[in-house]
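Below is one structure, written out as structure tokens; comments come after it.
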Amino acid sequence: MRTQEVFKAISDPTRRKVLKLLQGGSRSAGELAEAFDITKGSLSHHFNVLKAADLVRCERRGQQIVYSLNTTVFEDVAAVLLDLFKVDKGNGGRS
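Mind the numbering: the sequence shown is residues 1 to 95 in full-length UniProt numbering, read in order.
Laid out in structure tokens, this is it:
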């Protein structure tokens, strides 16, 4: 997992909104673009950051590009966060 890229990707509210929209299932780039008031170039940049972090997958279906969540990476991120914030019971709960 590309931890730095993942944290960079989720640090932006626009990219978090893309991820939230994709929770409902795969969507085309055009469908996603309808939810934003930004240029297609800016949205393309956000898609590229999400792809670099491996948070989304994309596939071409005819003339459309369809995006979906890569749930495996989210499971890995959850494990990293749990490990980062785990409580060490040997010292009274202080990490």
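For glycine and all other residues, C-beta sits at the position ideal for the given N, C-alpha and C.
Bear in mind the structure is a predicted one, so any value in this text is a computation, not a measurement.
DSSP places S44 within a helical segment (H, G or I) once states are collapsed to three. Contact between the segment 69-87 and the segment 27-44 is not established, with fewer than three Cβ pairs separated by less than 8 Å.
Considered as a whole, the UniProt domain "HTH arsR-type" (1-89) harbours 56-61 and 64-69 as its complete beta strand (DSSP E) runs of no fewer than 3 residues, in chain order. Around the beta-carbon of F7, fewer than 16 other beta-carbon atoms lie within 10 Å, marking it exposed. The segment 55-74 and the segment 12-27 touch, with no fewer than 3 CB-CB distances between them shorter than 8 Å.
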